[in-house]
Amino acid sequence: MKTKVLLTSFDIWEPHHKSNSSDDLLGLISVQKLTNYSLSFLRKLPVDSQLATQIVIAKIEEIQPDVIICCGMAETRKILTIESQASCGEVVMKTSINLAELVAGLDVTEISNDAGKFVCEYLYYSVLKYLDMSCYQSKCIFVHVPVFTENNRGKIVGDFIKILLYIV
0 MKTKVLLTSF DIWEPHHKSN SSDDLLGLIS VQKLTNYSLS FLRKLPVDSQ
50 LATQIVIAKI EEIQPDVIIC CGMAETRKIL TIESQASCGE VVMKTSINLA
100 ELVAGLDVTE ISNDAGKFVC EYLYYSVLKY LDMSCYQSKC IFVHVPVFTE
150 NNRGKIVGDF IKILLYIV
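Under this note's numbering, the residues of the sequence shown are numbered 0 to 167, in order.
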């Protein structure tokens with residue numbers, strides 16, 4: 000049976016954005032021939048904490064994925080960053096995935112401990128909390144994606160595919 004993977008991205012939120020790099024990445028992933036996976040995409044989520052969370056949790060309940068990879072744009076970062084945790088007030092939720100092993104050997108990916116205090120962190124926290132309180136055994140990470148350039152596009156897509164291979 001194929002591994003069910005849910006991939007999410009956000010829409011733009013600033014007038015100067017022509018696209019959201021998280022959605023650009025999922026567009027590039029959607030055309031790859033990743034035959035060992037059953038990929039489901041939730042692209043261009045609204046940049047609204049409550050609404051994005053409701054949409055993602057509804058999709059988790061519908062498809063019951065094995066893996067969830069939420070993606071968001073990190074306009075000021077230069078490489079992919081995988082968030083180790085998300086917080087809400089004093090409560091911190093951490094991914095169950097061994098991120099040190101995951102990033103070993105990747106070209107343009109590092110671990111981050113700062114999910115951004117914005118809609119990205121709220122979504123990540125909410126999904127991790129939901130999984131913790133539910134019967135689902137899904138693994139979940141949040142990946143921040145830098146703005147694409149001609150120089151980084153291939154490496155970012157390559158690392159993201161390696162992340163998929165590792166997680167499943």
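Glycine is no exception: its CB is placed at the ideal position from the N, C-alpha and C atoms. A quick note: this is a predicted structure, and the numbers were derived from the prediction, not measured.
- An exposed status is given to Val30, since fewer than 16 other beta-carbon atoms sit within 10 Å of its beta-carbon.
- Taken through DSSP and simplified to helix, strand or coil, Gly104 comes out as coil.
- Straight through space, the alpha carbons of Val167 and Leu5 are spaced by roughly 12 Å.
- Of all alpha-carbon atoms in Phe40, Ile56, Leu79, Val46, the one lying nearest the alpha-carbon of Ser133 is that of Ile56.
- For Cys139, there is no enclosing alpha helix (DSSP H); the residue is found in the beta strand (DSSP E) stretching over 138-144.
- In this structure, DSSP gives Thr52 a helical state, which the three-state scheme calls helix.
- For Val90, DSSP records a beta bridge to Cys87.
- Inter-residue distance for Ser111 and Met0 is about 33 Å (C-alpha atoms, whole angstroms).
- A contact between stretches requires three or more CB pairs, one per stretch, nearer than 8 Å, and the segment 33-42 meets this requirement with the segment 4-22.
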